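2 protein chains.
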Amino acid sequence: MGKSNLELVKECDRFPYYQDDPAYYTEHLKNHHFFKVTGCDAVLGYILNSVIQKFHWPEDCWAIDSENRTVTLVTAPDATAEQRSELVARTLAEAVKRDTFEILRGWRDELYPVYGPNGEFLLEMERSASPLFGIVSYGVHSTCYVEDADGMRLWIPRRSRTKQTYPGMLDNSVAGGMSSNEHPFECLVREAREEASLPEEVTRANAVAAGCVTYFYVRGPKAGGETDLAQPEVEYIFDVKVDADVVLKPGDSEVEQFHLLSVEETKKALANGEFKPNCAVVLIDFFIRHGILTAEDEPDYLEILARIHRRLEFPTASHATN
Amino acid sequence: MGKSNLELVKECDRFPYYQDDPAYYTEHLKNHHFFKVTGCDAVLGYILNSVIQKFHWPEDCWAIDSENRTVTLVTAPDATAEQRSELVARTLAEAVKRDTFEILRGWRDELYPVYGPNGEFLLEMERSASPLFGIVSYGVHSTCYVEDADGMRLWIPRRSRTKQTYPGMLDNSVAGGMSSNEHPFECLVREAREEASLPEEVTRANAVAAGCVTYFYVRGPKAGGETDLAQPEVEYIFDVKVDADVVLKPGDSEVEQFHLLSVEETKKALANGEFKPNCAVVLIDFFIRHGILTAEDEPDYLEILARIHRRLEFPTASHATN
Chain A
2 MGKSNLELVK
12 ECDRFPYYQD
22 DPAYYTEHLK
32 NHHFFKVTGC
42 DAVLGYILNS
52 VIQKFHWPED
62 CWAIDSENRT
72 VTLVTAPDAT
82 AEQRSELVAR
92 TLAEAVKRDT
102 FEILRGWRDE
112 LYPVYGPNGE
122 FLLEMERSAS
132 PLFGIVSYGV
142 HSTCYVEDAD
152 GMRLWIPRRS
162 RTKQTYPGML
172 DNSVAGGMSS
182 NEHPFECLVR
192 EAREEASLPE
202 EVTRANAVAA
212 GCVTYFYVRG
222 PKAGGETDLA
232 QPEVEYIFDV
242 KVDADVVLKP
252 GDSEVEQFHL
262 LSVEETKKAL
272 ANGEFKPNCA
282 VVLIDFFIRH
292 GILTAEDEPD
302 YLEILARIHR
312 RLEFPTASHA
322 TN
Chain L
2 MGKSNLELVK
12 ECDRFPYYQD
22 DPAYYTEHLK
32 NHHFFKVTGC
42 DAVLGYILNS
52 VIQKFHWPED
62 CWAIDSENRT
72 VTLVTAPDAT
82 AEQRSELVAR
92 TLAEAVKRDT
102 FEILRGWRDE
112 LYPVYGPNGE
122 FLLEMERSAS
132 PLFGIVSYGV
142 HSTCYVEDAD
152 GMRLWIPRRS
162 RTKQTYPGML
172 DNSVAGGMSS
182 NEHPFECLVR
192 EAREEASLPE
202 EVTRANAVAA
212 GCVTYFYVRG
222 PKAGGETDLA
232 QPEVEYIFDV
242 KVDADVVLKP
252 GDSEVEQFHL
262 LSVEETKKAL
272 ANGEFKPNCA
282 VVLIDFFIRH
292 GILTAEDEPD
302 YLEILARIHR
312 RLEFPTASHA
322 TN
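Chains as they are written, first to last, in our numbering: chain A, 2 to 323; chain L, 2 to 323.
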């Protein structure tokens with residue numbers, strides 16, 4: 002008896018819901034401080050109290066209010082995103098020097114954006130630090146598949162066994178984090194080329210945007226580094242139907258090998274817990290949208306659909322450019 | 002300048018969210034009592050206080066607790082669904098006799114189910130009464146479309162101008178409420194035959210389940226009857242791609258006429274506010290899933306996706322039969 006689809010979703014969407022138990026939610030929230038910046042009322046992320054204690058917060062740019070449980074990046078009211086980012090970068094550089102957090106040993110040298118309630122770009126920070134601040138992170142996930150007389154088969158990579166996070170687990174065909182200034186479709190094109198050796202023209206011709214999944218992850222031991230860090234996430238979803246003669250191959254050291262799995266094989270690997278948690282969620286969404294998993298098959302259909310489209314309690318990005 | 006897609010979504014998903022303003026949400030909730038039944042802890046619906054006052058509640062089967070704001074259907078702990086339904090039916094028959102509620106003048110003679118937290122069938126009640134109790138209602142909505150060298154066109158019906166609710170507005174190709182004991186796919190097959198004259202074999206061969214949309218509607222004047230009634234809804238979604246020679250025609254008096262609209266014409270009618278609110282939501286979901294509305298087009302992409310997959314604060318149905 003393997004894992005149910007709802008169990009897989011719950012491994013990914015782990016932060017409690019107010020409506021399930023208001024008292025528990027309110028109590029749980031007290032394990033966190035609220036990340037804010039001068040001049041913006043919105044809470045931008047949840048910082049675990051233990052992180053607050055370990056961090057060295059330079060007093061000239063951080064104000065910690067223990068009563069209201071806020072950590073505010075203090076600047077002039079008209080500070081620019083560049084100025085805010087510079088202050089965060091300095092704080093992080095000091096934490097790296099002191100080796101305060103295990104998670105920062107996995108420094109990525111990629112910048113993740115933080116947005117305000119009107120979609121305004123507030124600041125950017127090093128990717129590996131984002132779970133310390135509990136900010137929303139953005140990525141793209143796509144399912145490349147073949148559908149012909151032999152039925153549907155999905156291109157599924159296995160992560161490198163030496164990868165820092167989720168080593169050896171199964172992944173989505175193309176998946177990756179979106180840095181500041183990236184937009185979903187162009188990010189997909191880049192990741193598909195880099196990670197799956199998918200020619201740019203194939204991605205551009207075949208990729209179809211199909212929504213997004215959102216969930217509130219809380220990091221466990223397999224994520225690497227400190228646990229219990231809040232990690233609300235948005236993954237923009239693309240379906241990429243390819244011809245049977247298109248072959249996905251590792252383009253870098255992140256993937257060990259790609260396999261073409263039938264729907265049944267993929268479902269079995271899901272139930273076996275072989276997929277990285279958020280990849281399981283993306284596949285469940287894919288199966289639902291394609292009528293492979295229906296209300297008549299899945300007892301938890303409604304709960305799954307609501308949880309993988311969670312309304313996050315933080316401002317989120319707008320990528321409208323057209 | 003027409004309505005934005007988010008404005009259309011907000012016309013449908015109207016009940017406030019706790020996370021947007023906890024104080025306002027808590028205050029707003031005080032306009033309602035919680036519908037419960039003996040032996041089940043869950044809140045099954047929100048009953049507007051003005052409904053509580055107008056209803057004649059026979060004291061032998063209803064307990065009203067003004068302090069905790071609950072209205073409980075009181076039965077023996079081992080009551081059956083049939084017994085509970087009978088008590089509700091008696092209460093409603095009395096309300097009809099007294100003509101207490103305008104909304105009950107639209108008596109449908111269809112029974113809607115109420116489920117408990119473990120998916121157990123608790124009771125059923127007359128469809129037109131469901132907004133009085135604020136229970137979750139279930140339906141199917143499908144988009145029938147043609148896709149060929151001329152591009153994509155959608156089969157869009159206009160509601161009869163004499164219909165009690167949303168007269169003359171545009172609707173989804175096939176849409177209807179799910180009664181007790183119905184399951185999504187079979188409900189779709191029935192509605193497609195009855196309302197759109199779609200032969201059963203065409204629906205069975207071409208309909209693809211594609212998830213559901215969920216939202217918390219609050220009835221306005223166009224819905225007919227009392228306003229401000231809570232109406233949380235689940236709509237199971239199906240895409241039905243048909244050949245260009247399949248023609249949808251009204252099968253009963255509910256639809257005036259079907260039109261085959263291009264994507265651009267459909268978008269324009271949406272922005273003009275010509276669609277019944279929940280039909281707009283289903284079309285926005287369709288456009289997102291088909292890559293017609295993308296993150297690069299739509300500034301409110303994330304907010305829209307989360308709101309049309311709202312996690313309702315009531316137990317919901319399980320239709321698993323396979």
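Don't be surprised by glycine CBs; every beta carbon is placed ideally from N, CA and C. Just so it is clear, the structure is predicted and the values come from calculations on it, not from any experiment.
Where does residue i fall in DSSP's three states?
i: Y167 (chain A); result: coil
i: I293 (chain A); result: coil
i: S129 (chain A); result: helix
i: Y26 (chain A); result: helix
i: D172 (chain L); result: coil
i: K4 (chain A); result: coil
i: D21 (chain L); result: helix
i: E255 (chain L); result: coil
i: G107 (chain L); result: helix
i: A94 (chain L); result: helix
i: S143 (chain L); result: strand
i: F288 (chain A); result: helix
i: V333 (chain A); result: The structure shown does not extend to residue 333 (chain A), since chain A is modelled only from 2 through 323, so no value can be given for it.
i: F276 (chain A); result: strand
i: F134 (chain L); result: helix
i: L88 (chain L); result: helix
i: V282 (chain A); result: helix
i: A80 (chain L); result: coil
i: A326 (chain L); result: Since the first residue of chain L shown is 2 and the last is 323, residue 326 (chain L) is not available in this structure.
i: A224 (chain L); result: helix
Between residue i and chain A, is any beta-carbon pair separated by less than 7 Å?
i: P300 (chain L); result: yes
i: Y19 (chain L); result: yes
i: I136 (chain L); result: no
i: T163 (chain L); result: no
i: A296 (chain L); result: yes
i: G140 (chain L); result: no
i: G292 (chain L); result: yes
i: N323 (chain L); result: yes
Chain L beta carbons: is any one of them nearer than 7 Å to that of residue i?
i: V264 (chain A); result: no
i: I53 (chain A); result: no
i: G169 (chain A); result: no
i: G152 (chain A); result: no
Tell me where the alpha helix (DSSP H) around residue i begins and ends.
i: H34 (chain A); result: From DSSP, H34 (chain A) is part of no alpha helix (DSSP H) but of the beta strand (DSSP E) over H33 to V38.
i: S51 (chain L); result: N50 to K55
i: C324 (chain A); result: There is simply no residue 324 (chain A) to check, as chain A begins at 2 and stops at 323 in what is shown.
i: I305 (chain L); result: Y302 to R308
i: T204 (chain L); result: E201 to N207
Excluding the 5 residues flanking residue i on each side, which residues of the same chain have their C-beta closer than 6 Å to its C-beta?
i: L294 (chain A); result: F288
i: E60 (chain L); result: none
i: S180 (chain L); result: E111 and L112
i: V241 (chain A); result: S143, C145, N207 and A208
i: E95 (chain A); result: H57
Locate the beta strand (DSSP E) running through residue i, then write down its first and last residues.
i: P114 (chain A); result: L112 to Y116
i: I157 (chain L); result: G152 to R160
i: K269 (chain L); result: First-last for K269 (chain L): V264 to A272, but that is the alpha helix (DSSP H), not the beta strand (DSSP E).
i: V241 (chain A); result: A231 to K242
i: W63 (chain L); result: W63 to D66
i: L74 (chain A); result: T71 to L74
Between residue i and the rest of its own chain, which residues show a CB-CB distance below 8 Å, the 5 nearest in sequence each way excluded?
i: L261 (chain A); result: V147, R154, L155, W156 and I157
i: V256 (chain L); result: P158, R159, R160, S161, D172, E196 and A197
i: D100 (chain L); result: R106
i: K55 (chain A); result: T101 and F102
Among residues of its own chain, excluding the 5 on either side of residue i, which ones have a beta-carbon nearer than 7 Å to its beta-carbon?
i: R15 (chain L); result: F217, Y218 and V219
i: A64 (chain A); result: T73 and V75
i: V10 (chain A); result: V282, I285, I305, R308 and I309
Next on the checklist: Output needed in chain order: residues of the segment 304-321 of chain A with a Cβ under 9 Å from some Cβ in chain L.
Outcome noted: E304, L306, A307, R308, I309, H310, R311, R312, L313, E314, T317, A318, S319, H320 and A321
Item to check | Interfacial residues, the segment 202-226 of chain L to chain A, with Cβ spacing under 7 Å | outcome: V209, A210, A211, G212, C213 and T215
Item to check | Against chain L: residues of the segment 177-197 of chain A by CB proximity under 8 Å | outcome: H184, P185 and F186
Checklist entry - Listed in chain order, which residues of the segment 274-290 of chain L have Cβ atoms closer than 7 Å to some Cβ of chain A? => result I289 and R290
Item to check | chain L contacts from the segment 108-120 of chain A (Cβ-Cβ distance under 9 Å) | outcome: G120
Next on the checklist: Tell me which residues of the segment 236-252 of chain A have at least one Cβ-Cβ distance to chain L shorter than 9 Å, keeping chain order.
Outcome noted: Y237, F239 and D240
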